[in-house]
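The block underneath contains the structure these notes are about, expressed in structure tokens.
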Amino acid sequence: MILALLSTDHKVVAIRAGTVAALFFAGAGVLALILRTELAQPGLQVVSRAGYTELFTMHGSTMIFLVVIPVALAACLYLVPLQIGSTRVCGPRWAFSGQWLMALGGLVMWAGWLTREGPGRAGWYAYDPLSRSPATPGPGMDLWICGAIMATLGAIFIGACVLATILRRRAPGMTMLRLPVFSWTALASCLLVVFAFPSLVVAFGLLLAERHDVLTVDPVSYQHLFWFYGHPAVYVMFFPFVGMVAEAASTLSGRRFFGYRAFVLALLAFTALSMSAWAHHMFTTGAVPNRLFALTSTALIVPAGIEYFDVIATLWQGALRFNTAMLFVFGFLLQFLVGGLSGIFVASPVLDYHAQDSYIVVAHFHYTLFAGSLFGLFAGLYLYWPKLTGRYLSERLGRVHFALLLIGSNLTFLPMFVLGHEGMARRLADYPNSSGWGALNLASSVGAGFIALGTLLFATSVALSFLRARTAPADAWGTGMSLEWATSSPPPPQNFDALPPVRSYAPLYDARHAEEPKPLPPAPQPQGIEA
Amino acid sequence: MAPGVDTRAPYEQLFSLYLPIAAVVFVVVALVLLVVAMRFRARPGRRPSARTQAPRLELGYASALVLISIFLLWRSFAAMSSTSDPVAARVATVAGASSRPGPGDLAIAVVASRWNWRALYPGGVVQTGDGHARPATLVVPADRPVRFRLTSRDVVHALWIPALRAKYDAMPRYVNSFELRFAAGLDYSTARCSEFCGDFHDQMRLRVQVRSPQGFGTWLRTRQQRLRRR
Chain C
28 MILALLSTDH KVVAIRAGTV AALFFAGAGV LALILRTELA QPGLQVVSRA
78 GYTELFTMHG STMIFLVVIP VALAACLYLV PLQIGSTRVC GPRWAFSGQW
128 LMALGGLVMW AGWLTREGPG RAGWYAYDPL SRSPATPGPG MDLWICGAIM
178 ATLGAIFIGA CVLATILRRR APGMTMLRLP VFSWTALASC LLVVFAFPSL
228 VVAFGLLLAE RHDVLTVDPV SYQHLFWFYG HPAVYVMFFP FVGMVAEAAS
278 TLSGRRFFGY RAFVLALLAF TALSMSAWAH HMFTTGAVPN RLFALTSTAL
328 IVPAGIEYFD VIATLWQGAL RFNTAMLFVF GFLLQFLVGG LSGIFVASPV
378 LDYHAQDSYI VVAHFHYTLF AGSLFGLFAG LYLYWPKLTG RYLSERLGRV
428 HFALLLIGSN LTFLPMFVLG HEGMARRLAD YPNSSGWGAL NLASSVGAGF
478 IALGTLLFAT SVALSFLRAR TAPADAWGTG MSLEWATSSP PPPQNFDALP
528 PVRSYAPLYD ARHAEEPKPL PPAPQPQGIE A
Chain R
4 MAPGVDTRAP YEQLFSLYLP IAAVVFVVVA LVLLVVAMRF RARPGRRPSA
54 RTQAPRLELG YASALVLISI FLLWRSFAAM SSTSDPVAAR VATVAGASSR
104 PGPGDLAIAV VASRWNWRAL YPGGVVQTGD GHARPATLVV PADRPVRFRL
154 TSRDVVHALW IPALRAKYDA MPRYVNSFEL RFAAGLDYST ARCSEFCGDF
204 HDQMRLRVQV RSPQGFGTWL RTRQQRLRRR
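Chains as they are written, first to last, in this note's numbering: chain C, 28 to 558; chain R, 4 to 233.
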């Protein structure tokens, strides 16, 4: 047990990060349930206004800083070395420190509940000057800022470690254009982590200095610094889950990933664009060139559309195994689409002048993050659970889990589009009875109950899986594509005893089809791209 | 209608363009996935295709995406030209926001503070509320452009008038300028602050009262005279 806490093996570090994130997910989920209970009817029945403020700040900031970003990076840390055929990561002690920084940062953020004034309560983006001490006094807010800085530094450590691993530790034959699709999404995410996340450390560092009267920060400059982190961050919370969906689609349909080169090109364009779209969060300030940021934000249609096309084309003409992982692939594709399409609306300033800071935006980002990315995560978890543990998750419970989440997420988040359009602003502790918003809010709150049930069921399913024997073979589904399926489940500490030759981005597929007539000549490698 | 003022019509036009496109995309993807789920299930004898690319199809599809983006941007920019984009300028003090109307032009300075609105009209007329049960009443003339100079005395707020589909930020040390045109007969009951500004954010509402241009003129003159008499 102590060894598991101190190990620098990338797989153990990643599982530790995932476990800590799961605990914070449970915490943030409880906060969300209290929020939804309060909003179920007009009037303040459950919490005070101050309590509500703490709840939504801690729910949002926990989900982003302590759950989705850590889980995304944990997945990269676990899978990338296995996919590229490496025995270890570059800088394992950086990954170790990063994981514990994220965990301790979380504890520091949550320690704010113990202070008299309460924890962080200025919203997850902590706009200046609301987050300054006159409006938000007390050490709880300082703890929240310090914790978020720690968690973000931890994310940068892990991101840098994964990035270096991809660039420096690929197996013989594993050129950049033979990286598995998930590893490409990990590369894109880690580029964003390394180049955009320091901006949050600066922004929150300035905030801390300002709270202690060292300097004064301009409100618009703060927003630029924050969103230069905040927008790329949403892609860090998206790319690895697209990668998981792509791996699940390819593995479970028995097909090589379709349109690999287009996908890689689109992903790199996506990464570049996502770092130049931040000020669409500031259309209503009047202080940014709205046309420019409408252009970069709307242009995201192109890479996003290509990625969708390639995932669906991989399923097309496959031999699909409709297990729980595949159900979550379908759930992801349809529900993330709602989030993505609504994102095109808010990329247009005239539409955003209405949607900004309303429940339209709340619905939009919950469709991308919860109904989207988290469905992608579950596709990945059901797919990779046998790799992680040697044990399969129950298919029967998995189907119920999927059904509960499908009903729950749509019942919770779909009404929010209507509420926002009718004028309900986000972060309201209460709304007047005369608004007529009671019924839709009640539906949304009932939906949150379904999500809670589904999550409890998943926790049960995980616990039950440990009662089963380790039966998973190396290639747990029999149709693995990349190297992680070439080693035992779970993999040994050194990851591999032997590696199959790598001649494409799907070496195991090549090995299985070696006797058959070659369906595709190996892709020609352009000069200069092989590292 | 004069350009550069209306907010609701450009929004509705753009929305009714975006919504069907989004709906079609969603339905197409859903149908394709339905076909995939029905036709391409694993069954004995079914061999997955070995095809891994279709460069011409992919290129055509990517070009279509580029064209759609250009089209949406063209319509978005057109909508922006027929509405009034906010322009924020730095000021030293809140007083910098006070209204100095041009000839024949009405300018209202709106100052947000936790958790109240103050509307300042020419001649020193002020409309404000008590920050809780009785929100401030913003009196405006119908069917003519009204210039706003919006700022804040403390934290970032935002003035949202859902009926006009318009929302602009009120930031300390900045004055945000924009124009709005109010139509009589719309439901203005949900106008409010929409940027989280502290515990009583939900109480930071604003009443909008739209009067005929003559009625508004009379109201403003009466209020100005009352001030002068005092």
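The C-beta atom is built at its ideal place from N, Cα and C for all residues, glycine as well.
Nearest C-alpha to Pro528(C) among Ala513(C), Ile96(C), Leu415(C): Ala513(C). By the Cβ criterion, the region 280-298 of chain C is in contact with the region 205-222 of chain C, since at least three pairs of Cβ atoms, one from each stretch, lie closer than 8 Å.
Looking from the CA of Val221(C), the closest CA among Leu242(C), Gly181(C), Arg282(C) belongs to Gly181(C). From the beta-carbon of Arg195(R), the residues of chain C found nearer than 7 Å are Ala452. The straight-line gap separating the alpha-carbon atoms of Leu233(C) and Leu227(C) is approximately 10 Å.
Taking a Cβ-Cβ threshold of 8 Å, the residues of chain R close to Ala77(C) are Asp202, in chain order.
Distances from the alpha-carbon of Gly126(R) to those of Leu230(R), Ala65(R), Gln16(R), Glu61(R) put Leu230(R) closest. At least 9 Å separates the beta-carbon of Gly112(C) from that of Trp151(C). Note: Lys170(R) is bridge-paired with Trp163(R) in the DSSP secondary-structure output.
It is roughly 8 Å from the alpha-carbon of His251(C) to the alpha-carbon of Trp305(C). For Ala145(R) against Leu162(R), the beta-carbon gap comes to about 19 Å, at or over 8 Å, which does not count as contact.
Of the candidates Asn317(C), Ala41(C), Thr482(C), Arg423(C), Ala41(C) places its Cα closest to the Cα of Trp127(C).
Cβ contact annotation for Arg348(C) (same chain, cutoff 7 Å, sequence separation greater than five): Leu279, in chain order. Inter-residue distance for Tyr386(C) and Cys196(R) is about 14 Å (C-alpha atoms, whole angstroms).
Pairing Phe440(C) with Gly463(C), the inter-Cα distance amounts to about 18 Å. Ser75(C) is the residue among Val427(C), Ser471(C), Ala101(C), Ser75(C) whose C-alpha sits nearest the C-alpha of Gly145(C). In the structure shown, the three-state DSSP call for Pro148(R) is strand. Contact of Pro89(R) with chain C by beta-carbon distance below 9 Å involves Phe310, Thr311, Thr312, Gly313, Ala314, Asn317, Tyr380. Per DSSP, the continuous beta strand (DSSP E) segment holding Ile111(R) begins and ends at 110-116.
For Phe363(C) against His428(C), the beta-carbon gap comes to about 18 Å, at or over 8 Å, which does not count as contact. Residue environment for Pro500(C): exposed (fewer than 16 other C-beta atoms within 10 angstroms of its C-beta). For Asp502(C), the closest C-alpha among the options Tyr536(C), Leu32(C), Arg143(C), Trp140(C) is that of Tyr536(C). In the three-state scheme derived from DSSP, where H, G and I count as helix and E and B as strand, Leu141(R) is classed as strand.
In chain R, no part has a C-beta under 9 Å from the C-beta of Trp254(C); the shortest such distance is about 13 Å.
Flagged as an interface residue toward chain R: Gly281(C), by a C-beta distance shorter than 9 Å.
If you ignore the 5 residues before and after Val244(C), its C-beta comes within less than 6 Å of the C-beta of Asp155, Leu233, Glu237, all in its own chain and listed in chain order. Taking a contact as a CB-CB distance under 8 Å, the pair Ala44(C) and Pro97(C) counts as one, their CB atoms being some 5 Å apart. One Cα belongs to Gly465(C), the other to Phe51(C), and the distance between them is close to 30 Å.
Between Arg137(R) and Ser421(C), the alpha-carbon positions lie close to 57 Å from each other. Around Pro175(R), the same chain offers Ser155 as residues with beta carbons nearer than 6 Å, after the five sequence neighbours per side are excluded. Any Cβ of chain R closer than 9 Å to the Cβ of Arg205(C) would place that residue at the interface, and such an atom is absent. Per DSSP, the unbroken alpha helix (DSSP H) holding Phe253(C) starts and ends at 246-263.
Cβ contact annotation for His135(R) (same chain, cutoff 6 Å, sequence separation greater than five): Gln206, in chain order.
Near chain C, meaning a CB-to-CB distance below 8 Å, no residue of the region 129-152 of chain R qualifies.
DSSP places Arg49(R) in the coil class of the three-state scheme, outside both helix and strand. Considering only beta carbons, the part of the region 235-254 of chain C lying closer than 9 Å to chain R consists of Asp245, Pro246, Val247, Gln250, in chain order.
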